[in-house]
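Chains A and B, in that order, are what the protein sequence lines are.
For the first sequence, position 10 matches number 10 in this note's numbering, and the numbering has no gaps at all.
For the second sequence, position 51 matches number 51 in this note's numbering, and the numbering has no gaps at all.
Every residue gets a Cβ at the ideal spot worked out from N, C-alpha and C, and that includes glycine.
From a predicted model like this one, the values you see are computed outputs, not experimental measurements.
The block underneath contains the structure these notes are about, expressed in structure tokens.
Number of protein chains: 2
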Amino acid sequence: MQVLRTHTCGELGRLHIGKEATLCGWVDSYRDHGGGLFIDLRDRYGMTQVVFNPPDTPPAIIEESKSLRAEYVVQVIGRVAERPSGMANPKLSTGEIELRVTGFKLLNKSQTPPVSPNANAQDLPNEELRLEHRYLDLRRAVMQKTLMLRDRIVKGMRDYFAELDFIDVETPILGRSTPEGARDYLVPSRISRGAFYALPQSPQLYKQILMMAGYDRYVQVARCFRDEDLRADRQPEFTQLDLEMSFVDADDVMGVIDGLVAKLAKQELGLDVKLPLPRMTYDEAMERFGHDAPDLRFGLELVDCTDLAAKSDFRVFSSVAASGGRVRAINAKLGTEHYSRRGIDALTEYVAAFGAKGLAWFRVEEDGSLSSTIAKNFTPELLKEFGIRLKAEPGDLLLFVADEWKVTCKALHALRSKIGAEMKLYDPRAMHFSWVVEFPMFDFDDEEKRWVAMHHPFTSPRDQDFDLLKGDPGKCRAKAYDLVINGSEAGGGTIRIHDPGIQQTVFSLLGIDEHTAEQRFGFLLRALGYGAPPHGGIALGIDRWVMLFAGLDNIRDCIAFPKTQRASDLMTGAPGEVESKQLKELGIRIER
Amino acid sequence: MQVLRTHTCGELGRLHIGKEATLCGWVDSYRDHGGGLFIDLRDRYGMTQVVFNPPDTPPAIIEESKSLRAEYVVQVIGRVAERPSGMANPKLSTGEIELRVTGFKLLNKSQTPPVSPNANAQDLPNEELRLEHRYLDLRRAVMQKTLMLRDRIVKGMRDYFAELDFIDVETPILGRSTPEGARDYLVPSRISRGAFYALPQSPQLYKQILMMAGYDRYVQVARCFRDEDLRADRQPEFTQLDLEMSFVDADDVMGVIDGLVAKLAKQELGLDVKLPLPRMTYDEAMERFGHDAPDLRFGLELVDCTDLAAKSDFRVFSSVAASGGRVRAINAKLGTEHYSRRGIDALTEYVAAFGAKGLAWFRVEEDGSLSSTIAKNFTPELLKEFGIRLKAEPGDLLLFVADEWKVTCKALHALRSKIGAEMKLYDPRAMHFSWVVEFPMFDFDDEEKRWVAMHHPFTSPRDQDFDLLKGDPGKCRAKAYDLVINGSEAGGGTIRIHDPGIQQTVFSLLGIDEHTAEQRFGFLLRALGYGAPPHGGIALGIDRWVMLFAGLDNIRDCIAFPKTQRASDLMTGAPGEVESKQLKELGIRIER
């Protein structure tokens with residue numbers, strides 16, 4: 001029942017042959033064949049070949065059609081015809097037919113586009129130009145495919161949670177600043193001079209309030225904001241699937257997300273994911289992979305050799321072992337083929353960026369013996385022990401970092417990722433989903449000399465760890481769980497504290513005194529006093545899910561109108577100057 | 001598969017009798033019956049009667065249960081039993097059973113709530129206290145019902161548009177200030193000192209860009225922001241169902257919304273709405289009802305009597321008619337019964353607030369003659385003509401306003417609404433949906449002595465009115481359409497300009513010079529130059545839809561965490577003070 005067209009450009013096929021149709025779209029390409037013109041007419045749904053040729057097309061229209069150029073917008077009326085034999089295009093859903101034009105209207109012209117919607121990847125201009133002309137960049141098939149994937153993922157999530165009786169509740173964007181964690185974006189209030197709203201870093205407190213208000217299961221696709229210095233995969237505003245459940249423990253929340261993963265992996269990737277998803281504690285993840293979001297698409301696990309290192313005459317090893325540090329290694333199977341001496345030097349330089357002071361290595365020779373420039377510092381028996389520990393076989397490359405525990409984690413995690421990619425240890429299109437659970441409650445901030453919350457201050461300790469809160473906070477483990485996809489944290493959640501007393505204890509451990517707690521979280525503390533249910537939840541990073549599901553590596557390609565790393569929108573020019581009248585009304589002044 | 005409960009409080013019924021169940025919830029009420037305790041256990045899903053009584057309940061638990069108070073949170077394990085005969089409660093889905101407790105755990109205590117979740121409407125504390133303790137207020141059944149209705153309305157909208165191939169695209173919250181229309185909320189940028197983002201008043205420009213980018217059909221449930229002095233039914237942040245379509249005319253957009261109205265009216269109200277929804281031009285609406293969003297649940301239409309008034313000796317009438325004003329009337333059928341002389345005085349006072357200098361009236365007597373204190377200024381023949389014009393019958397009350405056209409519209413619209421309500425001319429639960437179309441393009445701002453856009457500067461004139469743009473802008477009508485529900489504007493949209501030349505013409509008519517246009521809308525103008533399709537859309541006010549569908553009259557009752565009319569959140573205290581360090585980082589200072 002549409003006024004301007006009868007069909008889309010992806011719709012006509014054999015069964016329309018002989019019928020009349022009206023299409024609207026963009027000239028994707030055009031070919032002048034002397035007597036007439038062929039255009040590929042494009043819209044979101046597909047492409048249809050449109051033919052301006054006598055005798056179907058009146059001469060005046062053929063004449064007019066000659067002025068058509070790429071990206072002109074046209075309406076064409078015509079008869080659907082079978083393409084001449086041998087001219088069918090099996091790649092197109094409309095590839096068997098063409099529209100022979102009888103009527104025509106030019107709807108709009110286009111200047112020559114600086115970003116060509118049908119350019120190949122290698123012909124694309126730089127990202128700045130693409131972002132500046134986002135209306136053209138968004139016409140590219142890959143962008144449209146990604147945004148449609150995003151639409152389906154979000155719709156799939158919403159439908160899934162609606163089925164499970166979750167209620168979608170909108171929480172405010174104009175909130176209150178709680179300077180715990182990242183930096184807030186602030187919004188000056190005109191009515192309350194000198195006061196500010198803050199944009200939410202997450203709907204955390206509101207969703208907990210909703211549980212205390214009895215909503216039982218809450219879900220929202222929530223926009224969140226962080227005014228941080230941006231890394232490549234961060235945006236000042238980002239979107240999370242945010243949920244919270246009452247009367248649950250960690251297993252319930254993970255179980256619900258397991259089902260979501262299975263649904264979307266099937267829907268979008270055709271994968272049958274086995275449930276429950278594998279779970280690993282934080283301690284195990286750090287021990288085996290040096291990282292709390294390990295990429296489980298491949299092995300290359302970390303192996304502790306501190307006990308062996310302690311027995312060596314190699315001072316770097318023995319002194320680290322003696323001073324409470326760790327000597328850990330990975331065995332790059334058949335790595336000697338891949339890494340020459342120069343290759344190993346490059347790896348050494350690489351791990352230096354992660355704090356490692358060096359990279360010790362051994363090659364495993366044909367006879368199984370270990371060779372290295374440092375081999376002379378080890379007895380043959382000890383070398384044999386190393387070989388056994390690391391399951392060394394001829395051709396393997398053994399790589400060691402000796403340092404404080406944290407440094408060995410960082411450096412070996414980075415090394416493992418690099419070698420995994422370089423030696424192609426996994427299919428880049430493979431998808432691996434898993435959980436990391438039981439994170440530490442607290443992390444000791446060496447600079448500020450105080451405990452900080454590893455997740456956030458509302459996270460509940462494990463029941464068996466309540467006593468550790470006062471005794472040994474560093475050992476205290478949380479009811480926390482992170483969803484990991486291919487080595488990326490794709491979501492994280494916790495069971496929250498629902499007991500006002502425990503909440504106070506955690507606040508004081510974090511150095512948040514009663515006055516500050518009242519000022520920042522007073523309403524939450526009060527709400528806890530009126531019958532708060534046990535509750536917990538999770539947030540999933542939608543931008544990242546889309547990136548992982550699309551197999552892309554630039555988060556800006558997963559967002560319709562992203563910001564640059566300088567947090568600006570190159571198309572609109574935001575942020576921009578405002579009129580002094582606006583600032584005056586707000587009662588603020590710019591410091592020069 | 002839940003850890004803490006096997007069922008919700010709304011789930012157990014006859015078919016569970018004899019089975020064991022574990023419930024969690026809030027103590028809604030409790031009755032101590034000597035030997036034991038009855039509690040109504042509540043959650044979002046319902047209420048279940050829970051009985052602590054020997055011999056099922058161990059003595060220790062009975063003892064413990066005696067400390068239970070309202071809003072305590074408990075977990076109870078027990079056996080489902082049929083209620084003793086005569087004790088069933090047919091109002092509850094769980095009314096035939098009770099849970100006889102065998103196991104019990106107190107999950108949390110509650111202080112005495114200052115807002116009682118099961119209070120009757122008349123026992124509710126004032127709104128300020130409710131908003132301050134929103135976590136308690138949101139436990140009330142009516143709030144939960146409204147937010148669940150909201151969830152279903154939004155889900156229903158999303159599903160409807162997904163079916164129709166609309167793609168949900170998120171547009172930025174951190175945008176660019178375009179000081180056309182309402183006042184923007186601003187967000188200072190830390191990275192670009194002195195520059196500001198603005199929160200969107202609507203995704204207008206982004207959705208037009210999406211059409212130019214070929215997305216064809218876009219939809220979003222979008223948060224929008226306006227820093228205005230708030231009226232009772234306005235919020236600083238509000239939610240709209242925002243959509244845009246390519247290659248469409250007004251009929252297409254209205255047709256799509258017609259289908260949505262029919263779906264939701266059926267789903268939520270059980271109504272069969274006849275489609276297409278009635279349409280009326282702006283000119284007709286103003287003529288018949290004095291308002292562009294007329295309440296069509298009742299008649300009481302405005303009738304023009306200027307020609308008759310011109311013939312009278314009543315100076316108020318004749319002078320207004322002579323000076324180009326209007327004399328218009330409504331006939332309140334059988335209104336003489338309802339309005340005594342004092343009642344009419346009250347109406348006169350009421351219309352004065354809308355600028356009317358007076359309210360002339362006639363009663364229609366038993367014999368059909370018109371009587372009034374001003375009757376002597378009219379010949380009997382003329383009075384008869386008035387009677388015929390207004391279809392006067394005995395008992396009717398005829399009410400006249402003589403003034404400039406605008407004043408007669410305002411005053412008589414207000415009068416019509418008041419009389420309609422007071423005389424109960426409609427069922428307050430009735431729902432009437434209609435369209436008002438073809439609004440003027442421009443409104444002349446008498447203060448600023450210039451044309452302003454009636455909708456926004458991107459609205460297309462009707463094709464036949466292009467020439468009026470330059471000749472007589474006041475007569476130019478737009479491709480604009482408003483959805484009206486029960487006299488409220490529930491949505492509004494337009495077909496947009498897709499021709500860069502016409503866009504420039506409209507800008508210059510609005511006094512937006514080339515430089516300003518470039519600065520504010522440069523990217524849109526540029527995008528128009530690269531093949532923009534004809535397009536148009538609409539935005540529906542979701543907060544208001546919920547209010548109308550729920551039959552409520554306070555918009556704050558339709559929003560989980562609303563702001564007051566001073567734009568503050570009484571629960572969190574937003575907006576609040578921030579630390580001077582935060583302002584310093586942003587490079588702004590508060591003016592004292």
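| Item | Value |
| --- | --- |
| D304 (chain B) versus B:P114, B:Y282, B:R556, B:L412, residue with shortest Cα-Cα distance | B:L412 |
| Three-state secondary structure (DSSP) of P575 (chain B) | coil |
| 8 Å Cβ cutoff, G213 (chain A) in contact with chain B | According to the sequence shown, residue 213 (chain A) is Ala rather than Gly. Closer than 8 Å: yes. |
| Sub-8 Å separation of A352 (chain B) and L397 (chain B) beta-carbons | no |
| Against chain A: residues of the stretch 196-207 of chain B by CB proximity under 8 Å | F196, Y197, A198, L199, L205, Y206 |
| Proximity winner among B:E71, B:Q122, B:L106, relative to P113 (chain B) (alpha-carbon distances) | B:E71 |
| Cβ neighbour criterion (16 or more within 10 Å) applied to L174 (chain A) | buried |
| Contact set between E170 (chain B) and chain A, taken where Cβ atoms lie within less than 7 Å | T239, A560 |
| Runs of beta strand (DSSP E) wholly within the stretch 442-472 of chain A (minimum 3 residues, chain order) | 442-445, 450-453 |
| In DSSP terms, what N108 (chain B) is bridged to | B:V73 |
| Exposure of T494 (chain B), with buried meaning 16 or more beta-carbon neighbours within 10 Å | buried |
| Buried/exposed call for M87 (chain B), threshold 16 Cβ in 10 Å | exposed |
| Terminal residues of the alpha helix (DSSP H) in which R223 (chain A) lies | Taken as a continuous stretch (DSSP letters only), R223 (chain A) belongs to no alpha helix (DSSP H), being part of the beta strand (DSSP E) at 217-225. |
| Where T494 (chain A) falls: helix, strand or coil (DSSP) | strand |
| Counted within 10 angstroms of its Cβ, other Cβ atoms place I485 (chain A) as buried (16 or more) or exposed | buried |
| Beta-carbon proximity of T459 (chain B) to A490 (chain B), cut-off 8 Å | no |
| Beta carbon of T171 (chain A) nearer than 8 Å to that of F561 (chain B) | yes |
| Through-space distance from D251 (chain B) to Y215 (chain B), alpha-carbon basis | 20 Å |
| Backbone CA spacing between G95 (chain A) and Y218 (chain B) [nearest angstrom] | 27 Å |
| Contact the stretch 497-507 of chain B vs the stretch 446-462 of chain B: 3+ CB pairs below 8 Å | yes |
| G46 (chain A) in three-state terms, based on DSSP | strand |
| Unbroken stretches of the beta strand (DSSP E), 3 residues or longer, contained in the stretch 323-363 of chain A | 326-332 |
| Sheet register partners of P440 (chain B) (DSSP bridge) | B:R477 |
| Residues near R326 (chain B) by beta carbon distance below 8 Å, same chain, minus five either side | D304, T306, V320, A402, D403, E404, W405, T408 |
| is_contact[K376 (chain A), chain B] using C-beta, thresh 8 Å | no |
| Supposed close pair A222 (chain B), Q240 (chain B) - CB separation, criterion 8 Å | 6 Å |
| Three-state class that DSSP yields for T505 (chain B) in the structure shown | helix |
| Cβ shell of M1 (chain A) (< 7 Å), same chain only, five flanking positions each side left out | The pLDDT assigned to M1 (chain A) is 47, lower than 50, so where the model puts this residue is not dependable, and the model offers no usable value. |
| Reference M245 (chain B); option with closest CA among B:R234, B:Q220, B:Q235, B:E237 | B:Q220 |
| Short CB-CB distance (under 8 Å) between K418 (chain B) and chain A | no |
| Inter-residue spacing [alpha-carbon to alpha-carbon] between P380 (chain A) and G474 (chain A) | 40 Å |
| Chain B contact residues for R589 (chain A), given Cβ-Cβ distances below 9 Å | I588, R589, I590, E591 |
| Cutoff 8 Å: A162 (chain A) Cβ touching any chain B Cβ | yes |
| L586 (chain B) versus L107 (chain B) - alpha carbon distance | 45 Å |
| Through-space distance from L390 (chain A) to Y185 (chain A), alpha-carbon basis | 50 Å |
| Beta-bridge partners of A198 (chain B), as assigned by DSSP | B:G175, B:L186 |
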